[in-house]
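To start, the structure under review is shown below, and the notes come after it.
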Amino acid sequence: MPSVELSKLQAIGPARPLSDTDRTQVDARPAQSLPAKPASAVKPGVMVEVSPASDLDPSSPPIDPERVAKIRAALRDGSYPLVPTKIADALIAAQVSLAVVPQTKA
Numbered sequence: 043m044p045s046v047e048l049s050k051l052q053a054i055g056p057a058r059p060l061s062d063t064d065r066t067q068v069d070a071r072p073a074q075s076l077p078a079k080p081a082s083a084v085k086p087g088v089m090v091e092v093s094p095a096s097d098l099d100p101s102s103p104p105i106d107p108e109r110v111a112k113i114r115a116a117l118r119d120g121s122y123p124l125v126p127t128k129i130a131d132a133l134i135a136a137q138v139s140l141a142v143v144p145q146t147k148a
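Its first residue numbered 43, the sequence shown is counted upward by one per residue in this note's numbering.
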């Protein structure tokens, strides 16, 4: 198995603006085009409804009051499935995804 010389690899660092040499390298690459999908690839019967931004109220949160009422009723009568491990996993995942990692100065 051949050895790998790590000193030749570039280290991963913070983002930096493109230099002139970086720009020429990007411009020198040939443009790649993606093959167009044939019209037969579109699934018939699939519809998407898009509402204009004017229909959305930015001051109110995106909450479905009917679904909230159903969940509250299920919690009241005890039929809502509460799984402690799923709740714990979601809390841990939220903490990890929202955690701020302190920057170390080199």
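Don't be surprised by glycine CBs; every beta carbon is placed ideally from N, CA and C.
For V138, the uninterrupted alpha helix (DSSP H) segment begins and ends at P126 to L140.
Short of 6 Å from the beta carbon of G120, and not among the five residues preceding or following it, lies no beta carbon of its own chain. According to the DSSP assignment, V110 belongs to the alpha helix (DSSP H) that extends over P107 to D119. In the three-state reduction of the DSSP assignment, D62 falls in the helix class, which pools H, G and I. The C-alpha of V138 lies about 20 Å from the C-alpha of V125.
In terms of Cβ geometry, Y122 and A116 form a close pair [threshold 8 Å].
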